[in-house]
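Notes follow the structure.
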Amino acid sequence: MSDDAAKAAFLAKLQVFAGSEVGSQNGADEVNQAMIRHWVEAMGDKNPVYTEPDIATKSVHGQVIAPPVMMQAWVMRGIAPAAREGGNAQDSLMALVESEGFTSVVATNCEQEYDRMLHLGDHLRSRTVIDSVSEEKATGLGVGHFITTRVEYETLDGEPVGRQMFRILKFRPGTGRQATVPKADAETPDFEKRARPLRPRPALTRDNQFWFEAAKEHRLVIQRCSGCGVLRHPPRPRCDKCGSYEWDAAEASGRGAVYSFVVNHYPQVPAFDYPLAVGLIDLEEGTRLVANIVGIDHADITIGMPVEVEWVEHDPDLTLPAFGPAGKKPAGTK
Ligand SMILES: [Zn+2]
2 MSDDAAKAAF
12 LAKLQVFAGS
22 EVGSQNGADE
32 VNQAMIRHWV
42 EAMGDKNPVY
52 TEPDIATKSV
62 HGQVIAPPVM
72 MQAWVMRGIA
82 PAAREGGNAQ
92 DSLMALVESE
102 GFTSVVATNC
112 EQEYDRMLHL
122 GDHLRSRTVI
132 DSVSEEKATG
142 LGVGHFITTR
152 VEYETLDGEP
162 VGRQMFRILK
172 FRPGTGRQAT
182 VPKADAETPD
192 FEKRARPLRP
202 RPALTRDNQF
212 WFEAAKEHRL
222 VIQRCSGCGV
232 LRHPPRPRCD
242 KCGSYEWDAA
252 EASGRGAVYS
262 FVVNHYPQVP
272 AFDYPLAVGL
282 IDLEEGTRLV
292 ANIVGIDHAD
302 ITIGMPVEVE
312 WVEHDPDLTL
322 PAFGPAGKKP
332 AGTK
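Numbering-wise, our numbering comes out as the position in the sequence shown, counting from 1, plus 1.
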């Protein structure tokens, strides 16, 4: 079979899934204050309408509401294997796509529509349909297929509350525009010599490009509003505080503290080493960023631990900050 014929045959297999019902998922929990609190703390959203009943009752909402973008959180199935037993059409589609080497994934678009605010005690379910599977596309990240799903959210009584379009790109690692796999040197142990996919590329935009360029020069920078001077991260077009679109970049000291962290064991993405410590780092300038925690036994990482930046050159095109214990003590001292 020619290459084109093989592609067409594979595409036909994929497109069988378009229009397939993935099924319905009931939320494990009702909309509840504890999950809302964790969410807004992680996001740094201080709007009291989400967490303060006294203030929320006096607002236009008359009661506590859940952040609208949390919609999908109320029906997410767990990551534990038990929650994933009895695979559905989406699992079958993913397995098929991955069988042809499209193992990397990136979310590319998400659009949500809300019919109403969600309140404590609402109990949701979702119905998901695979909307479409694209033909093979060559993208900057790599060659792959776009997969679009549509999800309808409703209460267990059947009242629609919102919907979501979600699109991902499943692509072959190492086939993108900047595909350069660093060569393993002679010292590298055998198991590391296997060519492995590069770390996922950041989706560069004119809002965030400066940050990654500075990182290549081992400079940690923070976007700073020219209107009011407030720092913000991750980079975005507009100041949350004063609304200005003008900004420049402030140089960060690279010192901070661990605000929170996880040691990730699963799911495993081929470009990373596991277990992988991922920290939410409070920079001393006052913004937070997500970065790997390195240079310390994972069991010794603690909340509040002082850390400082260390630069990791993952490949010729990607340098990222990681954070290790501040002022590392010489070996042999306590
Ligand atoms: Zn501002």
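Yeah, the Cβ is synthetic: ideal placement off N, Cα and C, and Gly gets one too.
Nearest to residue i by CA position, among the options, is which residue?
| i | options | result |
| --- | --- | --- |
| N293 | M44, E285, H299 and A278 | A278 |
| V310 | P68, R289 and M72 | R289 |
| E137 | A13, F167 and V263 | A13 |
| R38 | H234, C240, A67 and A29 | A67 |
| S21 | F11, D92, M36 and L119 | D92 |
| D298 | P276, Y51, H315 and V270 | P276 |
| S25 | S135, E53, A19 and G88 | G88 |
| V134 | A9, V61 and W312 | A9 |
| N27 | P317, G328, D316 and D158 | D158 |
| A145 | Q269, D316 and F11 | For clarity, residue 145 is Gly in the given sequence; the question names Ala instead. Closest by alpha carbon: F11. |
If you measure from the CB of residue i, is any heavy atom of ligand 3 nearer than 7 angstroms?
| i | result |
| --- | --- |
| V70 | What this structure holds is ligand 1, not ligand 3. |
Do residue i and residue j have their CB atoms nearer than 8 angstroms?
| i | j | result |
| --- | --- | --- |
| V41 | W75 | no |
| T104 | P203 | no |
| V308 | P322 | no |
| T129 | R168 | no |
| S254 | E218 | no |
| F324 | G280 | yes |
| L319 | R207 | no |
| L119 | F18 | no |
CA-CA distance, residue i and residue j?
| i | j | result |
| --- | --- | --- |
| R197 | L15 | 26 angstroms |
| R220 | L232 | 16 angstroms |
| E160 | Q224 | 42 angstroms |
| F147 | P236 | 26 angstroms |
| D132 | K171 | 15 angstroms |
| V295 | D46 | 28 angstroms |
| E101 | R151 | 24 angstroms |
| E247 | V107 | 29 angstroms |
| E314 | R78 | 35 angstroms |
| P238 | L205 | 13 angstroms |
| S60 | K242 | 20 angstroms |
| I304 | V264 | 13 angstroms |
| I282 | S3 | 51 angstroms |
| H234 | E252 | 13 angstroms |
| P271 | G63 | 48 angstroms |
| K329 | D30 | 44 angstroms |
| A300 | H266 | 14 angstroms |
Ignore the nearest five residues each way along the sequence and tell me which others in residue i's own chain have a CB closer than 8 angstroms to its CB.
| i | result |
| --- | --- |
| P49 | I56 and A57 |
| P190 | Unreliable placement is indicated for P190, whose pLDDT of 47 sits below 50; the coordinate value is still reported in the next sentence. The answer is none, since no qualifying residue turns up. |
| T156 | D123, H124, L125, R126 and V162 |
| A215 | L221, V222 and A250 |
| M44 | P68 |
| T52 | Q34, I37, R38, V41 and V65 |
Kindly give me the distance between the Cβ atoms of residue i and residue j, rounded to whole angstroms, as I take these residues to be in contact under 8 angstroms.
| i | j | result |
| --- | --- | --- |
| V1 | A96 | Residue 1 lies beyond the residue range present for the chain, which begins at 2 and ends at 335; the question has no answer from this structure. |
| S302 | F262 | Reading off the sequence, residue 302 comes out as Ile, not Ser. Sure, about 6 angstroms apart at Cβ, within 8 angstroms. |
| G257 | S245 | With 8 angstroms as the limit, G257 and S245 do not qualify as a contact, their Cβ atoms being about 26 angstroms apart. |
| G141 | G177 | 6 angstroms |
Going along the chain, which residues of its own chain have a beta-carbon closer than 6 angstroms to the beta-carbon of residue i, five neighbours each way excluded?
| i | result |
| --- | --- |
| A7 | none |
| M306 | V259 |
| Y154 | M72, L125, S127, V162 and G163 |
| E99 | none |
| P69 | Y115 |
| E188 | Low local confidence applies: a pLDDT of 48 at E188 is under 50, so the model's placement there is unreliable, with the coordinate-based value given in what follows. Answer for E188: no residue qualifies. |
| M166 | E112 and R151 |
| N1 | Summary: the structure shown does not reach residue 1, with the chain confined to residues 2 through 335, and so no result is reported for it. |
Skipping 5 residues on each side, what residues in its chain have a beta carbon closer than 7 angstroms to that of residue i?
| i | result |
| --- | --- |
| L121 | V32, N33, Q34 and V65 |
| D249 | R225 and S227 |
| A139 | none |
| W312 | H219, T320 and P322 |
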